[in-house]
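Report on the structure given below.
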Amino acid sequence: MDERIKIAVPSGALNVMQERIGNPYSCGGQVIPGLLQYGDVPEIGSLIAPRHCIWETGSQDKLIVPGWKEKAVSRLQRAYKASGHPDRLQIHNFEGGHRWDGTTALPIIEKKLLGR
0 MDERIKIAVP SGALNVMQER IGNPYSCGGQ VIPGLLQYGD VPEIGSLIAP RHCIWETGSQ
60 DKLIVPGWKE KAVSRLQRAY KASGHPDRLQ IHNFEGGHRW DGTTALPIIE KKLLGR
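In numbering that gives the first Met the number 0, the protein residues as written are 0 to 115.
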């Protein structure tokens with residue numbers, strides 16, 4: 000992974016392909032052909048470790064299904080623990096729908112990238 004990448008803030012994408020493919024509410028835009036030969040969303044998302052990563056999820060996001068989100072979080076936490084830096088993974092749950100929030104992320108981004 001490019002060392003210039005210091006932090007990642009994915010938002011509205013905390014799921015696994017098993018859930019995404021198997022449900023009719025999914026538009027299919029989240030399905031990446033061939034992804035599973037390398038790992039699922041949590042494994043690919045874990046490649047940033049041990050660098051900071053803040054996953055955002057909205058409480059009203061209809062595309063993130065309860066139960067599956069927790070499975071994805073567990074897999075991300077396992078990867079960060081293996082990296083020796085479990086504290087660098089944060090899950091930010093905000094009130095809202097399928098959007099980027101930034102409440103938790105912006106202060107950390109400013110600190111990591113701008114030294115503030």
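Virtual Cβ for every residue (Gly too), placed ideally from N, Cα, C.
- Annotated three-state conformation of I47 is helix, per DSSP.
- By the neighbour-count definition (other C-beta atoms within 10 Å, threshold 16), A81 is an exposed residue.
- Leaving aside the five residues that flank T103 on each side, the residues in its chain whose CB is nearer than 7 angstroms to its CB run, in chain order, I53, Q89 and H91.
- Under the three-state reduction of DSSP output, L88 falls in the strand class.
- Proximity to W67 across H84, P49 and V40 peaks at V40, based on C-alpha coordinates.
- Restricting attention to L34, G38, S58 and P49, the CA atom closest to the CA of I4 is found in P49.
- DSSP, reduced to helix, strand and coil, places I53 within a strand of the structure shown.
- With contacts defined by Cβ atoms closer than 8 angstroms, V30 and A71 do not form a contacting pair.
- Of the candidates Q59, I6, E55 and G44, G44 places its Cα closest to the Cα of R77.
- Between H97 and D60, the C-beta gap is smaller than 8 angstroms, which places the two residues in contact.
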